């Protein structure tokens, strides 16, 4: 069960919680300057650290078909940059899908853990456990003053990026995202659209994460992010309540129409899917639609991304073919029918 | 079973066929100049012509609540003008709902028969039978040269208006309505939007009727209208075929989305209903949606008109209340559930 298939804590606002730790090995230059032999060495060293541990499996990532690599990024298991790269790189995955170690992303090693809902602490514990394993077996670059040494100076220190994916339709409707972004930047946090840096904030999904890694502890960062996202969630729920009170009938109509479109449209592009997802997910959270969990909608969204569809289809498709496959996929997942295969 | 509840011949294009005969009594001035006593006399005379015939019932139309009167016009059982009038007037209805005699519309008597689908001849036979009954019992104004004398000179002669309600989404999509209107006017026929003179051609519904009543026989008029509407239907089917071949996938998507909206929206106004009706009816006719007949959609459309909703509700409603009731009504009728009452 990947994160999106499981109902997490406070899933009305919290979609997922993610920790990413950047680590590098001593005795090697940073990723951009590595020759092929060194890349192989690093991959093998990291791989050997997990040897004999049945919970983890090694994936020769650069040998995967492109659709499978991009699909892993669409699932948020690896970064888009890692998925797109063509030089030798590998991944280590935990059997439950919550942890993935990217070998030769921007840093030699990036440990990522992702869990559904409000679960930053648990996600950190999962990542820290892998970090401990690596630390005991590899020679990790660490400076007493600077902390973990990373490729990009913005990661120096803890090397940790903690981020929470939040569903904020109420805040969007109230026009509160810009204010939120301004407030967050003043306290060393940042807000971005779902797919990462600079992407459109589709589906009312926003990633809130720490910007500061130097001069703070992991615990401080997580505690601060937990507190702040908790407050954002309270505000979001208040906005939703106001929205439902002010124009509940129109909201209900919008939600039900979106549901009807998901159930009956035969062509849906990604942009529209994000919008329908947001309306129906809000309806589910407000109790306007019953019998569906937020995890069903999160699953529908993730599993209808372009590369996910092509991976499941087993080959490339044109945008029009994807729009058809997407609509069919949505209908199948929403009506709960199991796939005949 | 009223016309819209029954599947008629060639219902893919022919929604209904209607005949209206204008008749006046000798020894009375035309309708606008009648005093109350004369109005009562005329009502009683016409009523008495049906006395003892169990197939017909008398309705004291001016005593009906306004919603019920307007609803009868929305069902096309009486004319909108007849429904809106406040002076004493009455109606005689056949038990199957196909024939209604308006007493003191613009003429003293207007016999109307309406049947589903392509059925002009049958509709004429029904009206002619009532006409014969009236002729044998009342002193009908008739001139050997001018034919039936009518209030408006445009009805002189046969006093007959024959009209066919056609569903022409293919012709609309092909931009062919203006050409059609020009062609029809040259041969003494006219095309109008569903609700009558000057109304918007919503729902791709068009009334094609004769303009000429003088110097022609009823049979000639009906035969000509049958031939011409038959050709319009052939052309419409060709347009639909082309539409389905050219962009069938997009058409299917539009049809299914409209169906989804009908099934799930919680507020639908009349204008949107006409548009959704047209898309779904076309889908049914092209076999894109199965398990629904055209008569179901015609029923949904007629029974969701404003006064119909208020009549069934038993009182006036605001436009917003009607939009809710309309959506509920549509959902109920479309899902085939019977009303719990």
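Residue numbers (the working numbering), protein chains in the order written: chain G, 6 to 346; chain H, 6 to 346.
All C-beta atoms, glycine included, are put in the ideal place defined by N, C-alpha and C.
Since this is a predicted model, take the numbers as computed values, not measurements.
- [ ] Alpha carbon to alpha carbon, how far is residue 19 (chain G) from residue 238 (chain G)? Give it in angstroms, no decimals.
- [x] 8 Å
Task: Contacts of residue 254 (chain G) in chain H (Cβ-Cβ under 8 Å) - done: 271, 272, 325 and 329
Task: Neighbourhood of residue 231 (chain H) by C-beta distance below 6 Å, restricted to the same chain and skipping five residues each side - done: 125
- [ ] Give a yes or no on whether 8 Å exceeds the smallest Cβ distance from residue 334 (chain G) to chain H.
- [x] no
Task: Minimum Cβ-Cβ distance from residue 265 (chain G) to chain H less than 8 Å - done: yes
Task: Pairwise C-alpha distance: residue 211 (chain G) and residue 203 (chain G) - done: Residue confidence for residue 203 (chain G) is low, a pLDDT of 49 falling below 50, so the modelled location carries little weight and cannot support an answer.
Open item on the list: Taking contact to mean 3 or more Cβ pairs, one atom from each stretch, closer than 8 Å, check whether the segment 287-300 of chain G and the segment 253-261 of chain G are in contact.
Closed with: yes
Open item on the list: Considering only DSSP beta bridges, list what residue 215 (chain H) is partnered with.
Closed with: H:194
Task: Close Cβ partners of residue 321 (chain G) (< 8 Å) along its chain, the five nearest in sequence each way excluded - done: 72 and 315
- [ ] Could you spell out the range, first to last residue, of the beta strand (DSSP E) harbouring residue 99 (chain G)?
- [x] 95-99
TODO: Have a look at H:247, H:169, H:240 and H:177 and flag the residue whose alpha-carbon is nearest the alpha-carbon of residue 123 (chain H).
DONE: H:169
Task: Option nearest residue 208 (chain H) by Cα separation, candidates H:302, H:295 and H:118 - done: H:302
- [ ] Could you tell me if residue 192 (chain H) is buried or exposed, where buried requires 16 or more neighbouring beta carbons within 10 angstroms of its beta carbon?
- [x] exposed
TODO: Starting from residue 121 (chain H), follow the beta strand (DSSP E) in both directions and report where the run begins and ends.
DONE: 114-121
- [ ] Please compile the residues from chain G whose C-beta is within a distance smaller than 8 Å of the C-beta of residue 286 (chain H).
- [x] Correct list: empty, because the minimum Cβ distance to chain G is about 16 Å.
Task: Amino acids of chain H, ordered along the chain, whose beta-carbon sits closer than 7 Å to that of residue 140 (chain G) - done: What residue 140 (chain G) touches in chain H: nothing, since even the nearest Cβ is about 54 Å away.
Task: Host alpha helix (DSSP H) of residue 66 (chain H) (start-end) - done: Neither: residue 66 (chain H) is in no alpha helix (DSSP H) and is coded neither H nor E.
Open item on the list: Just to confirm the assignment, what range does the alpha helix (DSSP H) spanning residue 89 (chain H) have?
Closed with: 85-89
TODO: Counting only runs of 4+ residues fully inside the segment 228-286 of chain H, write out the alpha helix (DSSP H) ranges in chain order.
DONE: none
Task: Buried or exposed by the 16-neighbour rule on C-beta atoms within 10 Å, applied to residue 132 (chain G) - done: buried
Task: Residues sharing a beta bridge with residue 35 (chain H), DSSP - done: According to DSSP, which records beta bridges pairwise, residue 35 (chain H) is partnered with nothing at all.
Open item on the list: I need the DSSP call for residue 182 (chain H), collapsed to helix, strand or coil.
Closed with: helix
Task: Helix, strand or coil at residue 151 (chain G) [DSSP, three-state] - done: coil
TODO: Closer than 8 Å by C-beta to residue 222 (chain H): which residues in its own chain qualify, once you throw out the five before and the five after it? Chain order, please.
DONE: 163
Open item on the list: With distance defined between alpha-carbon atoms, name the residue in G:52, G:40, G:49 and G:114 nearest to residue 25 (chain G).
Closed with: G:114
Open item on the list: Tell me the residue span of the alpha helix (DSSP H) that contains residue 170 (chain H).
Closed with: It is not in any alpha helix (DSSP H) - residue 170 (chain H) instead sits in the beta strand (DSSP E) that spans 165-172.
Task: Beta-carbon spacing of residue 249 (chain H), residue 174 (chain H) below 8 Å - done: no
Task: Straight-line gap, residue 241 (chain G) to residue 176 (chain G) (C-alpha atoms, nearest Å) - done: 6 Å
Task: Residue from H:167, H:245, H:99 and H:198 whose Cα sits closest to the Cα of residue 233 (chain H) - done: H:167
Task: Buried versus exposed, by CB contacts within 10 Å (16 or more), residue 293 (chain H) - done: buried
TODO: Could you tell me if residue 161 (chain G) is buried or exposed, where buried requires 16 or more neighbouring beta carbons within 10 angstroms of its beta carbon?
DONE: buried
- [ ] On a CA-only basis, which of H:103, H:94, H:127 and H:336 is nearest residue 37 (chain H)? Give me that one, please.
- [x] H:94
- [ ] Tell me whether the beta-carbon of residue 64 (chain G) lies closer than 8 Å to the beta-carbon of residue 92 (chain G).
- [x] no
Open item on the list: For residue 146 (chain G), which residues in the same chain have their Cβ closer than 8 Å to its Cβ, ignoring the five residues on either side in sequence?
Closed with: 28, 29, 30, 31, 153 and 154
Task: Between the CA atoms of residue 151 (chain H) and residue 108 (chain H) - distance to the nearest angstrom - done: 22 Å
- [ ] Examine chain H for any beta-carbon lying closer than 8 Å to the beta-carbon of residue 315 (chain G), and answer yes or no.
- [x] no
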